[in-house]
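J.: In full-length UniProt numbering, the protein residues as written are 1 to 562.
1) Looking at the unbroken alpha helix (DSSP H) that takes in residue 521, where does it start and where does it end?
2) Do residue 497 and residue 427 have their CB atoms nearer than 8 Å?
3) Any idea if residue 116 is buried or exposed, counting beta-carbon neighbours within 10 angstroms, 16 or more meaning buried?
4) Could you check the C-alpha separation between residue 367 and residue 469 for me, to the nearest Å?
5) Count the other CB atoms within 10 Å of the CB of residue 562; is the residue buried (16 or more) or exposed (fewer)?
6) Confirm, please, whether the CB-CB distance from residue 537 to residue 568 is below 8 Å.
7) Under 8 Å by Cβ, that's how I've got residue 178 and residue 206 pegged, so tell me the actual separation to the nearest angstrom.
8) Can you tell which of 327, 154 and 201 has the C-alpha that lies nearest to the C-alpha of residue 139?
9) If you reduce the DSSP assignment to three classes, tell me which class residue 107 lands in.
10) Going by other Cβ atoms of all chains shown within 10 Å of its Cβ, with 16 needed for buried, is residue 113 buried or exposed?
11) Going by C-alpha to C-alpha distance, which of 145, 310, 454 and 257 sits closest to residue 187?
12) Whole angstroms is fine: what's the gap from residue 393's alpha carbon to residue 405's?
13) Between which two residues does the beta strand (DSSP E) harbouring residue 158 extend?
14) Considering only the alpha carbon of each residue, which of 173, 58 and 539 lies closest to residue 385?
15) Whose C-beta lies closer than 8 Å to the C-beta of residue 521 among residues of the same chain, with five residues either side of it excluded?
16) By the three-class DSSP mapping on this structure, what secondary structure does residue 398 have?
17) Please determine, among 358, 246, 88 and 169, the residue with the shortest C-alpha to C-alpha distance to residue 124.
18) Which complete beta strand (DSSP E) runs does the segment 320-408 hold, if anything under 3 residues is left out?
19) In whole angstroms, what separates the C-alpha of residue 354 from that of residue 444?
20) What whole-angstrom Cβ distance do residue 199 and residue 315 have, given they're in contact under 8 Å?
21) Would you mind working out which of 555, 67 and 89 sits nearest residue 56, comparing C-alpha positions?
22) Near residue 17, what residues of its chain come up, given a Cβ to Cβ distance below 6 Å and the 5 sequence neighbours on each side ignored?
23) So the beta strand (DSSP E) residue 424 belongs to, where does it begin and stop?
24) Comparing C-alpha positions only, which one of 309, 181, 151 and 96 sits nearest to residue 164?
25) Excluding sequence positions up to five away, which residues of its chain have a Cβ less than 6 Å from the Cβ of residue 212?
26) Can you tell which of 494, 151, 466 and 294 has its C-alpha closest to the C-alpha of residue 483?
27) For residue 500, collect the residues of the same chain with a Cβ closer than 7 Å to its Cβ; drop the 5 residues on either side in sequence, then sort them by chain order.
28) Quick one: using the 10 Å Cβ neighbour count with 16 as the cut-off for buried, is residue 396 buried or exposed?
29) Can you give me the Cβ contacts of residue 369 inside the same chain, cut-off strictly under 6 Å, excluding the 5 residues immediately before and after it?
30) Which partner residues does residue 244 have in the DSSP bridge list?
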C-alpha cells in the first residue's frame, strides 16, 4: 500500500502533521481513538482514587468496619482503569509509529526521486553532505512531532474532562485548573516564538556539518596521504562550533521554560489544598473528592508536559519542512516531453549547432556531428576540451542550450523521461558499483539468465575477474565486500552496459584504468560482433583502432573530423 505524500507547501508545521495523518487514515484513526480513550482513563483513575479513599481508606483509618465488597470494588476499579490505560498506550504507540515512519519513508523517497529528476546544475551547487542532510536529518525533524501528536490529542481531551470534573466539584477548583492550563499554553506560545529562529539556525548548521563530514570521509585517503589531517580538522571545527552555539541558544530557552512548566502543576496543587482543606473541615467537600482533585491536578502535569513537548518540537519540524520543501519545490528539473523511441536497430544521432553553457562559461559550441547507425566514433582532444560534455549531449544526459540533438530524428527535449535510458547505455569515467553482488550490479532493473551475464562479462574481458572472486556472481562488492581495482570496476560497468543491448553506447574514457594488454582484450570484445552505434572519448591510441571516424575537439569546438 502506497502512502500519498502530503503537500508541504504553505503549511505550518502543525498543519503538516495533520496532513501526514490524513495520508494514512486507518492507523491515524486507531491512534486517535486510542489517545482519546487513554485520556479518559486518566480522569477515570482520579475518580477511582476518590471512591477508594471515601469507601476504603478513610473508614479503615477511622477504625470503621469495611465490607469485603469495598476492597474488591476498589481493586477492580483501580486495576481495570490501569489495564485500560496500558492497553491504549500500546495501541496508540504502534499506530503512531505506522503513521510517523511511513510518512518519513514516503518523504525520503520523494526527496531522492526529486534528486534524480533535478538538473545536474542544481546538484553542482550543493554538496553531497547537504543532500544527505535533507534526506536524513531534515526529514526526521519534519515528522518528529508525530510521535507525540496522538498522545497530545488524547491529553487535550483529558484536560477538557479534567476541567469539567473540577468545575463539577467546585467553581474555585475549576478556575484553578483553567488558570493552570491557560498559563501553560501561554508559556508554550512564547516558547515557540523564541525557539523557532534558533531551531532554523541549528538545522542549517547541522546541514553544513554533515556536508563537511561527508567530504572528510570521502576524501579520507587523500587527506591522510597528503598529511592534511590537522588542516581538515581546522576546516571542520568552525561548522561544529556554529552548531554548538546554535544548540546552546536552543538549550538556553529550554532551560528557562522547562522548570516553569514543571513548577506550575505543583503550585496549582498548593492552591487547591489551601482552597479545599477548609471545605473538608466544613463538610462541604469529602476527603476523597479533595484527594481525587489533587491526583487530577498532579495527573494534569502529564498532559501538559506532553502537549509542551509536542509544541516545542514544531519549530524544528518547521525548519525541516522548509529545507525539504526547498528540494521538493525546486523547479530546476531536467525537461522532458512525451514521445518515445522504438526499434532495435543501431541509433542515428544528429548534433545540429549544439552548445552548452554553465555559469556564463561556454563548455561546447556549434557542434555539428552525425553518428551513423552502427558506426564507431572516437572523440579526442586535450583535457578540458569538452569531450565529456559532447558525450553527455549525444547520449541525452543533458540538453543543449543552443541548437538541438536528435535521436533517430526526434529532439531529445521531446522524449519522455524513460525513453533515453531504455535505448542508451553509458559507461562514465568514474565507474560506480553498488554495494551489492556482482549479479545485482549487472542486472539492476531487469531479468537475465546467467549465460547472458557471462556473455556480457566475456565481451568486457571481465569474466575471469568474476570467476576468481570467492562467490562468483554472488560476490558482494564495495566497502562491506570484495574490493575491486579501478580497471576491474570499469570492465564490470562495461559488461552492465552491454547486457542491456543498447542501441547507442556511450563510453567516456572507459579504458583509462586498464593496461595496454587488457585494453586490447576489451576492444577485441567490442569488435567481435555487430553492435550498437558507439561514441567513445579517449586520450589513448587504443580505442582509435575501432573508429570509423575520429573527431578532434579543441576548446569546445570540433576542429577536425577524419
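Cβ coordinates follow ideal geometry from the N, Cα and C atoms, glycine included.
T.: The answer reads as follows:
1) Residue range 516-527 is occupied by the alpha helix (DSSP H) that includes residue 521.
2) With contacts defined as CB atoms closer than 8 Å, residue 497 and residue 427 qualify as a contacting pair.
3) The residue is exposed, with fewer than 16 neighbouring Cβ atoms inside 10 Å.
4) Each residue's Cα considered, the two are about 44 Å apart.
5) Under this definition residue 562 is an exposed residue.
6) Past the edges of the chain, shown from 1 to 562, lies residue 568, and the structure says nothing about it.
7) In this structure, residue 178 and residue 206 do not form a Cβ contact; the two beta carbons are roughly 40 Å apart against a cut-off of 8 Å.
8) It is 327.
9) DSSP, read as helix, strand or coil, puts residue 107 in helix.
10) Using a 10 angstroms sphere on the CB of residue 113, the tally of other CB atoms stays under 16, which defines it as exposed.
11) Closest option to residue 187, judged by alpha-carbon separation, among 145, 310, 454 and 257: 257.
12) Cα to Cα, the separation comes out at about 7 Å.
13) It is not in any beta strand (DSSP E) - residue 158 instead sits in the alpha helix (DSSP H) that spans 146-169.
14) Of 173, 58 and 539, the residue nearest in Cα terms is 539.
15) Excluding residues within five positions, the ones whose Cβ falls inside 8 Å are 461.
16) In this structure, residue 398 counts as coil in the three-state DSSP scheme.
17) With respect to the C-alpha of residue 124, the residue from 358, 246, 88 and 169 having the closest C-alpha is 358.
18) Qualifying beta strand (DSSP E) stretches, in chain order: 349-358, 361-371, 376-380 and 402-407.
19) Residue 354 and residue 444: Cα-Cα distance of roughly 32 Å.
20) With 8 Å as the limit, residue 199 and residue 315 qualify as a contact, their Cβ atoms being about 4 Å apart.
21) If we check each option's Cα against that of residue 56, 67 comes out closest.
22) Shown here for residue 17: same chain residues with a beta carbon closer than 6 Å to its own, the five before and five after excluded, namely 145, 146 and 149 in chain order.
23) Segment 424-427, the beta strand (DSSP E) holding residue 424.
24) Considering only alpha carbons, the answer is 181.
25) Excluding sequence neighbours, residue 212 sits near 236 and 239.
26) When each option's Cα is compared against that of residue 483, the closest is 466.
27) Hits under 7 Å: 425.
28) By the neighbour-count criterion, in which 16 or more other beta carbons inside 10 Å mark a residue as buried, residue 396 falls on the buried side.
29) Only 351 meet the Cβ criterion.
30) Note: residue 244 sits in no beta bridge, so no partner.
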